[in-house]
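Engineer:
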Amino acid sequence: MDHFLDRRIETLAIVAQTGSLTAAAKALFISQPAVSQQLASLETDLNLPLLNHHGRRITLTPVAKELVSYANRLEHDNQAVLNYLRTGQTPSLKLGVTRSLAAFLLPQLLKKIVASDHQVTVTIGNTAELSTQLLAGQLSMALIEGNFERREFTAEPIGTAAFVGVSNRLIKRPTLEAIFDQRLLVREPGSGTREILTTWLAAHNANLNDFKQSLALSSPLAIIESVKQGIGISFMYRALVEEELDEQRLFEVDLPGFPLQHPLNVIYLKDSTFAAEFQEISQLASEVLPKS
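One rule links them: number in the numbering used here = place in the sequence shown (from 1) + 2.
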C-alpha cells in the first residue's frame, strides 16, 4: 500500500484497531517502545491528547478517535485516486446493500448501474455490518434502512418504504396486546428492520420480550416463508411481500399507526472525492424504488 499519511497517524490507527500498544507493535513489526515514542511525538506535534492510560491498559481519547476516523476516510480516497491516476480507469464501485433492500431493490438498481457503464461489486449485509465496512474502506457506499452515525457519513435520501406487519391469516382489529400472544419472527441484531420495530415498540412502552416468543433469522426470505407456514408473525417492508398480500397468501396486521413510512438512504464517507459519483448512484436508486 502507498502511504500518504504521517506514519504516526497510521500507528495510532493500528492501536485503535488492535486495542493495545503491544498488539500494535506486533502488527507493525516494531518494538512497543517505538510505538509509544511515535504516539508521544504525535501528541506533542498536534498539541492534542491522544491516549488515556489506565494502568497497563490504554484507550483512545475522543479526539484521537475523530483523528483515526478522518485518517481512514482520507486513506481510502487517496488509494482510490492513486489507482485512477495509474490506470486511467474509474475505481470499481463497491456497493453495500442491506438484506431487505437487496431482495426488492437491488436487481433493478444493478440494471441501471450496468447500463451507465459503472464497474460494480456488491456486498450484502445488515446496516451495522455495512457501516463498519464503510469505515474500514472496504465499501464505497451503502444502501441502508437503519440508523447510522451522521458524524461519519454523508447521507443521500432516496425515498421511503412502507413497513408493515404480516401474518398468514387475517387478524381482525388487532391491538398491540393481542399480537403479544403471537410468536414473532424478527431479524438479527444490527438489522435496520429489527431497529425500526424495536424503536416503534419502545415508543409504545413495549419491547421484543413482550411477545410470547421471538425467533431471530438473518434472512428476509426465510422469515417470509416461515410466516407463510404459520410459525409466527413478522414486520417487514411491504415491497418484500407485495405479491403474497395481493394473492392473500399473507395478510397485513393492521395495527393502529401502520403502515410506517421509513426513510431509506445511500451513505458514504464524509468529504469523499467521489461524492458526485455516489450522488449519481443515489439518484438511480431513487428512480427504481417502488412507490409506497
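For each residue, glycine too, the CB sits at the ideal point set by N, CA and C.
In this text, all values refer to a predicted model and were calculated from it rather than measured experimentally.
Could you pull out every residue in the same chain whose Cβ sits closer than 6 Å to the Cβ of A218, ignoring the five residues on either side in sequence?
Structural biologist: V188 and E190
Engineer: Does DSSP classify N74 as helix, strand or coil?
Structural biologist: The answer is helix: DSSP assigns N74 an H, G or I state.
Engineer: Output yes or no for whether 8 Å exceeds the beta carbon distance between V268 and M143.
Structural biologist: Judged by beta-carbon spacing, M143 lies within the 8 Å limit of V268, meaning their Cβ atoms are closer than that value.
Engineer: The alpha helix (DSSP H) with F280 in it runs from where to where?
Structural biologist: A277 to V290
Engineer: According to DSSP, is S216 part of a helix, a strand, or is it coil?
Structural biologist: strand
Engineer: Suppose you measure from the CA of T61 to the CA of G21; what does that come to, to the nearest Å?
Structural biologist: Their backbone Cα atoms lie some 7 Å apart in a straight line.
Engineer: Can you give the Cα-Cα distance for H55 and L48, rounded to whole angstroms?
Structural biologist: 19 Å
Engineer: In three-state terms, what does DSSP make of A164?
Structural biologist: Strand at A164.
Engineer: Taking T125 as the reference, which of H78, T134, F182 and E254 has the closest Cα?
Structural biologist: T134
Engineer: Among the residues of its own chain, which have a CB less than 6 Å from the CB of S288, if the five just before and after it don't count?
Structural biologist: I160 and G161
Engineer: What three-state label does DSSP hand R185 in the structure shown?
Structural biologist: strand
Engineer: So which of S94, L103 and S169 has the shortest CA-CA distance to Q140?
Structural biologist: S94
Engineer: Quick check for students: name the residue ranges of the alpha helix (DSSP H) that lie wholly in the region 23-50, counting only runs of 4 or more.
Structural biologist: 23-30 and 34-48
Engineer: L291 and L237 - do their beta-carbons sit closer together than 8 Å?
Structural biologist: Looking at the sequence itself, residue 237 is Phe, so the reference to Leu does not match. Contact flag unset, no.
Engineer: Below 7 Å CB to CB, which residues in the same chain sit around R171 once its five sequence neighbours on both sides are set aside?
Structural biologist: F253
Engineer: Could you tell me if F106 is buried or exposed, where buried requires 16 or more neighbouring beta carbons within 10 angstroms of its beta carbon?
Structural biologist: buried
Engineer: Any idea which residues DSSP pairs G127 with across the strands?
Structural biologist: T100
Engineer: Check this for me: beta carbons of L266 and L137, under 8 Å apart or not?
Structural biologist: no
Engineer: Alpha carbons only, please: which of T177, A15 and T123 is nearest the one belonging to L30?
Structural biologist: A15
Engineer: Between V37, L23 and L271, which lies nearest to F155 when the distance is taken from Cα to Cα?
Structural biologist: L271
Engineer: By a C-beta neighbour count over all protein chains shown, 10 Å radius and 16 as the cutoff for buried, is H206 buried or exposed?
Structural biologist: exposed
Engineer: Rounded to whole angstroms, what's the CA-CA distance from L23 to S71? Just pull it up for me.
Structural biologist: 19 Å
Engineer: For G167 and L257, what's the separation of their Cα atoms in angstroms?
Structural biologist: 8 Å
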